[in-house]
Each structure stands twice: as structure tokens, then as C-alpha cells.
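Notes for the one structure printed next.
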Amino acid sequence: MGSRSELLNTRKMGDKELTWALKNGDLDEVKSLMKEEDVNRTLEGGRKPLHYAADCGQAEMLEFLLSKGADVNAPDKHGITPLLSATYEGHCSCVKILLEKGADKERKGPDGLSAFEAAETDAIKALLK
Numbered sequence: 492m493g494s495r496s497e498l499l500n501t502r503k504m505g506d507k508e509l510t511w512a513l514k515n516g517d518l519d520e521v522k523s524l525m526k527e528e529d530v531n532r533t534l535e536g537g538r539k540p541l542h543y544a545a546d547c548g549q550a551e552m553l554e555f556l557l558s559k560g561a562d563v564n565a566p567d568k569h570g571i572t573p574l575l576s577a578t579y580e581g582h583c584s585c586v587k588i589l590l591e592k593g594a595d596k597e598r599k600g601p602d603g604l605s606a607f608e609a610a611e612t613d614a615i616k617a618l619l620k
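Okay, so the sequence shown: first residue is 492 according to our numbering, each after it adds one.
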């Protein structure tokens, strides 16, 4: 068995690969890298897997992570929820999925705005009403 620092370095490398796969929608890679208990783990960068998927518009990835028990309302290190991430980036399909799975649309981000107040498109505003 390796030393603690070797194990931590291995996890950091895994975080980088996992983050890349989450952002790019590589579901097969995510499935191979992620253990069940990792679905709500904070990754390097202070965000959870669901944040990266929401931020990058990866709807299929969101569905997968939520089916594995990802916390739909978990904030990242800045207090931003996956719903706010998807809203900020204008990913309507992701906003819809997150709302269907129980995302709190009233929760405010660090800027004091709710998702509705931060939404820039009519389509997203309509979902958030």
C-alpha cells in the first residue's frame, strides 16, 4: 500500500480526469472513474460533479449523476448551486432537469440573486416562474 501522499496525488490525478470527463460529457469515462460514494464528493476546485455537468450543459450527465444520488441543491465553495450554474450559463435543458429533480429555485447565489433574477433568457425565466 502506498503512502498517504501517494494516495492523495492519485486522487488529484483522478479528479482532473473526472472533471474533464464531466465537462465534456464523456459518460463512459465518468462511469469508469467514479465510485458510488464519489457522486457528492467535492472535487479539486471546490465543486461537485453535478456543478461541472450543469455548468457545461451536459444534460445526460446530470441525469446520470442524479440517478446515482447527487444532491441537487449542494452548493459549491462559492455557494453556487447546480441550478444557478446552469442558469448562469443559459443551459435550458439542464435547468429543466434540475427543477424536475427538486432543485430549490428560491435559493440565492453569493451575488444575492435567485436563479430567476439571474436568468437572461425568456425560456429559462419561464421554467423558473
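Quick reminder that beta carbons are idealized off the backbone N, C-alpha and C, glycines included. Since the model is a prediction, treat every value here as computed from it, not as a measurement.
Can you tell which of the options has its C-alpha closest to the C-alpha of residue i?
| i | options | result |
| --- | --- | --- |
| Cys585 | Pro540, Val521, Gln549 and Asp562 | Gln549 |
| Glu580 | Lys568, Asp546 and Phe555 | Asp546 |
| Ala649 | Ala610, Thr572, Asp567 and Glu611 | There is no way to answer for residue 649, as the model of the chain reaches only from 492 to 620. |
| Leu556 | Lys514, Glu611, Thr612 and Thr578 | Lys514 |
| Thr510 | Glu554, Arg598, Leu604 and Gly536 | Gly536 |
Could you give the first and the last residue of the continuous alpha helix (DSSP H) run that contains residue i?
| i | result |
| --- | --- |
| Lys616 | Asp613 to Leu619 |
| Ile588 | Cys583 to Glu591 |
| Thr572 | Here Thr572 belongs to no alpha helix (DSSP H), and DSSP marks it neither H nor E. |
| Ala550 | Ala550 to Ser558 |
| Asp521 | In the sequence as presented, Asp is not what sits at residue 521; that position holds Val. Note, Val521: alpha helix (DSSP H), Leu518 to Leu524. |
Taking all protein chains shown into account, do 16 or more other C-beta atoms lie within 10 angstroms of the C-beta of residue i, making it buried, or fewer, making it exposed?
| i | result |
| --- | --- |
| Gly570 | exposed |
| Pro601 | exposed |
| Ala561 | buried |
| Glu591 | exposed |
| Ala617 | exposed |
| Ala614 | exposed |
| Lys620 | exposed |
| Arg532 | exposed |
| Lys539 | buried |
| Thr578 | buried |
| Ser576 | buried |
So with Cβ pairs under 7 Å, would you call residue i a contact of chain C?
| i | result |
| --- | --- |
| Leu518 | Given the protein chain composition of this structure (a single chain), no chain C is represented. |
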